[in-house]
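Visitor:
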Amino acid sequence: MFRSTFLYLGIFTIFVSIFSLLNILFCYYFDSSLNIKKIYFGSLLVSLLLSAIFIFSNKKYFNEKINFFEKLFLVIIGFFYFPLLISIPYYLSIYDISFINSYFEAISGFTSTGFTILKNTKEIDEPLL
């Protein structure tokens, strides 16, 4: 029933991959630390892998229209799934952030609420912010 929803979730995951690639370019342009570059490469690979799995396992449903409940399911799943991908760089960073705190930071950035768990943002690498 929700097969086409996962296809669209895979397509939207490509956008997360593009933003992760932009962060990698930002790191190279401003000569950020090597650890941050590795973290974003890992995040890029995870999002590309998940995108490929969602798209190629559901590509036969590409021409199907999705109904209201599938759209609602896509939004609800996306609200929890995309911050999970965005939280990977926070969790793997050198700042010893727990998974719950990194997920909270990712949801805060995803919804643009502005709340943060980071103590001193001036000492955090700019690509993480």
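In our numbering, each residue carries its 1-based index in the sequence shown increased by 3. All C-beta atoms, glycine included, are put in the ideal place defined by N, C-alpha and C.
1) Do you know how far the Cα of K68 is from the Cα of F33?
2) Strictly under 8 Å for the Cβ-Cβ distance: is L10 near chain C by that measure?
3) Compute the beta-carbon to beta-carbon distance between S10 and F57, rounded to the nearest angstrom, for a pair I have assumed lies under 8 Å.
4) For V78, does the count of other Cβ atoms within 10 angstroms reach 16, so buried, or fall short, so exposed?
5) Going by the beta-carbon positions, is the gap between L12 and Y84 smaller than 8 Å?
6) Ignore the nearest five residues each way along the sequence and tell me which others in T16's own chain have a CB closer than 6 Å to its CB.
7) Taking the beta carbon of Y31 as the centre, do at least 16 other beta carbons fall within 10 Å, making it buried, or is it exposed?
8) Once DSSP output is grouped into helix, strand and coil, what is the label at F5?
9) Compare the C-alpha of S20 against each of L88, F65, Y94 and name the closest.
Guide: Quick answer:
1) Each residue's Cα considered, the two are about 44 Å apart.
2) Chain labels in this structure do not include chain C; a single protein chain is all it has.
3) The sequence shown places Leu at residue 10, not Ser. Contact annotation, L10 with F57: C-beta distance approximately 6 Å; criterion of less than 8 Å satisfied.
4) The C-beta of V78 has fewer than 16 other C-beta atoms within 10 Å across all chains shown, which makes the residue exposed.
5) Yes; because the gap between Cβ atoms is below 8 Å, this pair is in contact.
6) Result list for T16: S50, L53, S54, in chain order.
7) It is exposed - the Cβ of Y31 has fewer than 16 other Cβ atoms within 10 Å.
8) In the three-state DSSP reduction, F5 falls in the coil class, being neither helix nor strand.
9) Shortest Cα-Cα distance from S20 to any of L88, F65, Y94 involves L88.
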